[in-house]
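Here is the structure we will look at, set down as structure tokens.
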Amino acid sequence: MHGCCLLGAAAAAQNSREVILLDSKAQQTELEWISSPSTGWEEISGLDENYTPIRTYQVCQVMESNQNNWLRTNWIEKGDAQRIFVELKFTLRDCNSLPGVVGTCKETFNLYYQETDAEVGRNIRESQYVKIDTIAADESFTQGDLGERKMKLNTELRIIGPLSRRGFYLAFQDVGACIALVSVKVYYKKCWSIIENLATFPDTVTGSEFSSLVEVEGTCVSDAEEEADNSPKMHCSAEGEWLVPIGKCICKAGFHQKGDACEPCGRGFYKSSSQDLQCSRCPAHSYNDREGSWRCDCEDGYYRALSDPPAVTCTRPPSAPQNLVYNINQTTVSLEWSSPADNGGRNDVTYRIMCRRCGWEPEECLPCGGNVGYLPAQSGLVDAYVTITDLLAHANYTFEVEAVNGVSDLSRTQRLFASVSIATSQAAPSQVSELIKEKVQQRSVQLSWQEPEQPNGVITEYEIKYYEKVSHRIYSTVKSKSTSATVNNLKPSTAYVFQIRAFTAAGYGTFGPRLEVTTKEEPSGTAEQNPVIIIAVVAVAGTIILVFMVFGFIIGRRYALAVKFPGTKTYIDPETYEDPNRAVHQFAKELDASCIKIERVIGAGEFGEVCSGRLKLPGKRDVPVAIKTLKVGYTEKQRRDFLCEASIMGQFDHPNVVHLEGVVTRGEFPGVRTARFTSPSSITQTSSLFSGKPVMIVIEYMENGSLDAFLRKHDGQFTVIQLVGMLRGIAAGMRYLSDMGYVHRDLAARNILVNSNLVCKVSDFGLSRVIDDDPEAVYTTTGGKIPVRWTATEAIQYRKFTSSSDVWSYGIVMWEVMSYGERPYWDMSNQDVIKAIEEGYRLPAPMDCPPGLHQLMLDCWQKDRADRPKFDQIVGILDKMIRNPNTLKTPLGTCTRPISPLLDQNTPDFATFRSVGDWLEAIKMERYNDNFTATGYSSLESVARMTIEDVMSLGITLVGHQKKIMSSIQTMRAQMLHLHGTGVQV
């Protein structure tokens with residue numbers, strides 16, 4: 001059967017989803033359908049089951065054979081329908097109830113349809129019709145039933161589709177039945193329009209198939225928009241039902257949902273995003289006076305930054321910084337200030353500095369320009385301090401410190417800042433820009449120059465430094481009071497490098513550019529025998545004899561060292577080797593220079609640059625490394641001393657001792673073609689260092705650098721247990737070195753390196769050496785220099801270095817760690833430190849240091865080295881503290897002998913102070929005198945009981961000032977206890 005689907009009568013469609021095309025029952029006038037032949041189907045009036053008048057068609061020619069009676073409806077326009085429902089209601093008489101009927105009686109009739117785009121006339125051509133179905137009755141009636149008006153009404157439903165033309169005809173064929181068509185209803189189904197999830201879905205005609213679903217895109221209601229990537233959709237089923245909606249619309253910014261519509265937010269409310277469900281009340285210091293707002297406007301004097309969301313409270317610029325103080329050192333000025341009293345309601349406050357150089361009149365002030373330096377920066381400062389450098393000497397400056405936040409640049413109000421006017425003092429002169437060679441001889445060079453552009457005072461003399469180009473580490477100087485000088489006693493035919501600097505009452509300036517000059521060749525036959533050559537020959541002969549004399553002794557000593565502790569690895573001093581190169585290659589791995597990639601220069605060591613880079617060994621992954629280099633032009637002694645450290649490090653293997661990867665002593669370095677440097681100057685320096693035959697020590701890379709600088713950078717950012725963990729790692733490394741018989745001699749926080757996991761490792765095995773940037777850090781004795789602040793008393797007095805003297809140094813390292821890199825003994829001189837220690841005084845506990853840790857420090861500083869703990873004991877004590885933090889509150893030291901905490905040697909005896917004001921003046925904190933007085937701290941005894949919280953409650957916000965005051969209070973408290981113990985009345 002073409003294009004049809006069968007359904008039972010019970011499956012009739014719901015009227016609410018039907019669109020009626022034809023309903024014969026609803027028509028009261030004649031239907032005027034076409035009947036062929038005209039004697040067949042007959043239109044008559046009748047009553048339905050509800051006794052309502054209706055027009056019906058009947059046929060009952062069962063007495064005649066070969067019946068073919070057709071009945072055709074008028075043309076039915078289908079509209080948008082593709083699937084048509086035909087509902088037939090009819091009665092049919094049982095053939096058995098008709099007496100005398102021939103064998104042609106039927107109890108069925110046929111249903112047909114024809115598609116057309118327009119009416120086709122009144123002729124019925126059977127061949128043009130498509131059969132839908134043969135219709136049979138479920139119930140038939142007899143003559144008696146008809147007489148009693150109990151006709152059995154049948155209802156049948158048939159479906160046509162899909163249809164493709166504008167309309168169609170229905171036709172009914174009778175082939176010999178006795179039937180009456182009570183009603184014919186033709187309709188199609190649609191899903192009626194609906195609003196779902198704020199989307200409107202229009203009337204939708206169902207699909208052409210029984211199982212088809214028609215997808216419909218929804219249209220957002222007014223003031224709504226589609227949700228991102230979730231457009232509204234619904235499906236219309238074949239039965240005219242909407243299925244579950246997919247996606248949705250949401251009310252736009254400024255509107256909220258109410259029922260199936262979006263309503264505007266009221267006055268004083270806003271909705272910043274369509275994603276928000278409800279309107280919100282305007283944030284503080286903002287308003288709106290219109291409906292449907294997506295944001296609220298800020299009140300006068302309040303602003304939002306461009307990056308602030310609408311929900312953020314309107315804010316204002318901060319007030320001016322407070323308590324601006326300065327410190328001036330010749331032409332360098334340090335500024336420090338407190339946070340503003342009002343941050344404007346924001347937490348993104350930073351600071352910027354304005355610098356003006358002024359004459360004697362205020363209107364003569366001009367911006368400082370780009371020659372002035374700011375450390376760390378001129379603007380965007382997070383911390384409340386800055387150092388300003390490169391100022392002119394004897395000049396007046398005004399500095400303005402402004403606090404700014406995210407809305408400062410939006411404000412139209414007057415800027416608020418703190419300012420200070422400063423006059424710089426004498427400064428060292430600037431560089432001499434050019435050095436000119438006037439006359440060159442075989443053994444002398446005459447030079448001249450111009451005075452520096454900025455003498456910054458009266459130049460009293462000039463200093464000329466010169467050296468041979470091939471051996472520039474050995475240089476000589478000549479002084480001159482004029483702008484010319486002659487340098488004598490030079491070698492003929494030799495290249496020299498000259499530099500000059502000026503001197504004033506403020507000191508020397510920096511050396512100017514280099515000038516290279518080659519002396520003239522001396523005429524042949526005039527050269528004298530050089531006495532240096534004779535001395536060198538004699539020295540070499542003496543050295544050979546000495547070597548033979550000590551050879552046997554050295555060999556014997558090496559053998560004794562090797563068997564000193566059978567079965568135990570023991571440290572061997574590389575100095576016992578007659579050939580230092582042999583020691584290097586016995587304990588250190590030789591690396592191929594091509595495996596090393598230099599990336600950048602990170603510092604300067606005693607012998608050359610220190611770089612970071614990568615080491616890629618064959619078959620292994622590349623690893624980050626630090627590379628110590630030896631500058632070109634080195635002497636053999638410098639090379640030996642440089643590699644000595646590698647000979648020492650190569651003997652160690654411990655997780656808390658810096659690991660040696662190897663050395664480079666042979667072969668050519670591939671150059672700097674693959675290196676990446678941070679500045680052109682770095683490229684120049686490194687190119688000269690690594691060209692030719694390099695000498696390098698390659699060690700593991702420690703990302704966080706030296707421990708003292710790392711702690712100062714992260715002041716107050718670690719827990720006590722984290723700090724104890726660092727100390728435990730250092731102690732474990734020293735225990736390992738002590739067990740091997742190695743004495744470090746220079747254990748200090750600066751010689752501890754920290755990696756990215758906060759693991760601390762002992763480093764710097766080059767023995768004692770001069771610290772170039774701090775001449776006060778060492779104390780000269782016969783035989784070398786000693787870092788006094790870290791060195792035990794017996795090592796200072798008698799140069800007796802042992803593991804016990806390393807324990808003393810470890811105690812100082814503990815103090816450095818707990819004070820976050822503070823300088824031991826502060827600004828006391830070395831002589832004062834030695835004197836105080838001899839008198840029995842020791843460093844006090846750093847701020848917030850647990851008593852248990854300070855007691856362990858005091859144990860390490862016992863005068864008798866036998867009373868000091870061993871590193872093995874120290875590791876055990878720290879392990880207990882880590883496992884049970886409560887023990888930090890209780891001393892777990894190994895000694896009970898009392899030690900007096902160190903008095904601040906630069907602070908007068910507190911007994912000499914008459915008042916709190918005298919004490920504050922002595923420590924240069926007199927600015928806080930009113931703070932102490934206003935809060936009732938009127939006696940030194942009450943001050944001695946103060947804690948850090950008490951100091952902060954006085955309004956002292958600068959961390960540096962807090963530390964200085966608390967350090968003095970701790971010293972005062974220690975002095976009081978000491979005087980009580982000696983019977984002095986306090």
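Using UniProt numbering, the first residue of the sequence shown is number 1, and each one after it goes up by one.
Even for Gly, the Cβ is constructed at its ideal location relative to N, Cα and C.
Reducing DSSP to helix, strand and coil, say where residue i ends up.
| i | result |
| --- | --- |
| His961 | helix |
| Met966 | helix |
| Ser476 | strand |
| Trp919 | helix |
| Pro574 | helix |
| Arg72 | strand |
| Pro624 | strand |
| Phe736 | The question names Phe, but residue 736 in the sequence shown is Tyr. Helix, per DSSP. |
| Val943 | helix |
| Ser319 | coil |
| Gln442 | coil |
| Glu59 | In the sequence as presented, Glu is not what sits at residue 59; that position holds Val. Correct three-state label for Val59: strand. |
| Ile84 | strand |
| Glu451 | coil |
| Asn197 | coil |
| Asp859 | helix |
| Trp337 | strand |
| Arg582 | helix |
| Cys368 | coil |
| Leu727 | helix |
Beta-carbon within less than 7 Å of residue i's beta-carbon, same chain only, minus the 5 sequence neighbours each way: which residues are those?
| i | result |
| --- | --- |
| Gly292 | Gly254, Phe255, Pro264, Cys265 |
| Val401 | Pro321, Leu324, Leu335, Trp337, Tyr351, Ile353, Phe417, Ala418 |
| Met966 | Met847, Ile948, Val951 |
| Glu364 | Cys358 |
| Ala731 | Tyr810, Phe871, Ile874, Val875, Leu878 |
| Val101 | Val62, Met63, Cys95 |
| Ser471 | Gly633 |
Grab me the residues of residue i's own chain with a C-beta within less than 6 Å of its C-beta, minus the 5 sequence neighbours each way, in chain order.
| i | result |
| --- | --- |
| Glu227 | Lys248, Ile250 |
| Asp872 | Arg735 |
| Pro310 | Ser272, Arg295 |
| Ala845 | His854 |
Between which residues of its own chain and residue i is the CB-CB distance below 8 Å, once the five residues before and five after are set aside?
| i | result |
| --- | --- |
| Pro580 | Pro574, Arg640, Leu643, Cys644, Ser647 |
| Gln28 | Pro53, Arg55 |
| Leu381 | Thr350, Tyr351, Arg352, Ile353 |
| Val943 | Val916, Trp919, Phe932, Tyr937, Ile969, Met972 |
| Ala505 | Gln426, Gly457, Val458, Thr460 |
| Trp242 | Cys191, Ile194, Glu196, Phe201, Met234, His235, Cys236 |
Going by DSSP, which residues form a beta bridge with residue i?
| i | result |
| --- | --- |
| residue 989 | Residue 989 cannot be examined here, being either before or after the span of the chain that is shown, 1 to 986. |
| His256 | Glu263 |
| Asp223 | DSSP lists no partner for Asp223. |
| Met696 | Thr629, Val664 |
| Gly706 | The amino acid occupying residue 706 in the given sequence is Ser; Gly does not appear at that position. Answer is Leu753. |
| Tyr188 | Val19 |
| Phe172 | Leu71, Leu111 |
| Glu468 | Tyr496 |
| Lys761 | Leu753 |
| Ala403 | Tyr351 |
| Trp815 | Note: Trp815 sits in no beta bridge, so no partner. |
I need the boundaries of the alpha helix (DSSP H) containing residue i, first residue and last residue.
| i | result |
| --- | --- |
| Arg883 | 871-883 |
| Ile648 | 636-649 |
| Glu930 | Note that residue 930 is Asp in the sequence shown, not Glu. Counting along the chain, the alpha helix (DSSP H) containing Asp930 begins and ends at 929-934. |
Could you spell out the range, first to last residue, of the beta strand (DSSP E) harbouring residue i?
| i | result |
| --- | --- |
| Tyr351 | 350-358 |
| Phe417 | 417-423 |
| Ser35 | 34-36 |
| Thr598 | Residue 598 is actually Ile in this sequence, not Thr. Where Ile598 is concerned, the enclosing beta strand (DSSP E) stretches over 596-604. |
| Glu609 | 609-615 |
Inset, instruction - Could you tell me whether the stretch 804-820 touches the stretch 738-758, using the rule of 3 or more Cβ pairs below 8 Å? - result: With contact defined as three or more Cβ pairs closer than 8 Å, the stretch 804-820 and the stretch 738-758 are in contact.
Legend entry - Segment contact, 8 Å Cβ cut-off, at least three pairs: the stretch 189-208 with the stretch 223-237: Yes, the stretch 189-208 touches the stretch 223-237.
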